[in-house]
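In our numbering, the protein residues as written are 44 to 220.
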């Protein structure tokens, strides 16, 4: 398994490995975040990284100036991207009779280059989670957790990220990327 240095959110836009950038604004009063998501390709691996810009907001009764935040981050074999999209279409969008997941199941996994990738339906905020159970990072409480990224339905379908990622997935599958 190849090990990568953690990316600095402030230098991601200038990284020569960036092959795709996706921007969107998430608003939930009193906070408004401008999300910047990036797909980087490095050899046989992909890195999905995000950073957020918080507009002026309030923290309780205290005004907060705008600031940059680090975001989510996941490293995985790049063949995992076409598989992730395939799993959503073939395992989550279809019924069990059509070849989809068994009733009551919300998780699907496979292995690429010795790394276990998992996709599951996100609850609370509707979407799909791509996780790499072979790579961990410390959570807020200092415990190891699988690297993962939550792709919200709003992001994937309303903002057409799914369609855009399908184009990139075809390039990966054809060897162009």
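Don't be surprised by glycine CBs; every beta carbon is placed ideally from N, CA and C.
Note that the structure is predicted; figures quoted are calculated from it, not measured.
In the same chain as residue 177, and ignoring 5 residues on each side of it, the C-beta atoms closer than 6 Å to its own belong to 158 and 159, in chain order.
By the neighbour-count definition (other C-beta atoms within 10 Å, threshold 16), residue 185 is an exposed residue. If you compare the alpha carbons of 56, 80, 86 and 120 with that of residue 92, the shortest gap goes to 80.
For residue 143, the closest of 130, 46 and 153 by C-alpha to C-alpha distance is 130.
Cβ atoms of residue 126 and residue 87 stay farther apart than 8 Å, at about 14 Å. In this structure, the beta-carbon distance from residue 212 to residue 128 falls below 9 Å. Residues of the same chain with a CB within less than 6 Å of the CB of residue 65, apart from the 5 flanking positions on each side, are 80 and 204 in chain order.
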